[in-house]
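Enquirer: Note that this note's numbering has the sequence shown beginning at 2, numbered continuously upward. We treat Cβ as the ideally placed atom computed from N, Cα and C, and that holds for glycine. The structure displayed is predicted, hence computed values, not measured ones.
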Amino acid sequence: MKKTVLILLCLILTALLVSCSKPVSAEEAYAEIISEYTELLQKKQNGERISESSSNDIKNAILSAVNSCKDPTQMGYAPKDINSDGAEELFLTSKSYDFYALFTLDGGKPTLLRIFEDGRGALDSENIVYSWRVSENG
2 MKKTVLILLC LILTALLVSC SKPVSAEEAY AEIISEYTEL LQKKQNGERI
52 SESSSNDIKN AILSAVNSCK DPTQMGYAPK DINSDGAEEL FLTSKSYDFY
102 ALFTLDGGKP TLLRIFEDGR GALDSENIVY SWRVSENG
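Here it is in structure tokens:
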């Protein structure tokens, strides 16, 4: 009888551990970034003041994207698995596909890969990300 109860407990614990270790979807992982980004875009559209920077890299990338955009109604985001690892990256982008920030998942948690100054990032048909700078001297 004790063995049966012990085996049952082991099975229940194993089932709980397996269900707890379910991978986080990109939508769930990026939810906080997307929420904050859309909230700040709405504030900018309403003419509210947006802070300039933060000590947090992810927050700083969101602030940079929002502060750099000229028209918040033309901004959006795009999840896309660009390196075929099964995990979607997240682009903060304009409707004309200028990229402002790029995030990936590391252990199921969002990590900033790159901030593109003034939307100077792009993705080609082979999923290669490009960034460029404009110099003042031409």
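Return yes when the Cβ of I83 is within less than 7 Å of the Cβ of A102, no when it is not.
Expert: Start at 1 with the first residue of the sequence shown, and residue 102 comes out as number 101. Start at 1 with the first residue of the sequence shown, and residue 83 comes out as number 82. Cβ distance not < 7 Å, so A102 and I83 don't count as in contact.
Enquirer: Determine the DSSP secondary structure at Y38, reduced to helix, strand or coil.
Expert: On the sequence shown, residue 38 is found 37 positions in, with the first residue counted as 1. Y38 falls in the helix class under three-state DSSP.
Enquirer: Flag this pair as yes or no: are the beta carbons of A30 and G109 separated by less than 7 Å?
Expert: Along the sequence shown, read from residue 1 onward, the residue named residue 30 stands at position 29. Along the sequence shown, read from residue 1 onward, the residue named residue 109 stands at position 108. For A30 and G109, yes; Cβs fall inside 7 Å.
Enquirer: List the DSSP bridge partners of Y131.
Expert: Taking the sequence shown and counting its residues from 1, the one referred to as residue 131 is at position 130. Answer is A123, bridged to Y131.
Enquirer: In terms of alpha-carbon separation, which member of F104, G120, D72, I63 lies closest to G48?
Expert: Here residue 48 refers to the residue found at position 47 of the sequence shown. Minimum Cα distance to G48 is reached at D72.
Enquirer: Under a three-way DSSP split, which group does A79 fall into?
Expert: Stepping through the sequence shown from its first residue, residue 79 is reached at position 78. Strand at A79.
Enquirer: Per DSSP, what kind of secondary structure is K110 in: helix, strand or coil?
Expert: Stepping through the sequence shown from its first residue, residue 110 is reached at position 109. The answer is strand: DSSP assigns K110 an E or B state.
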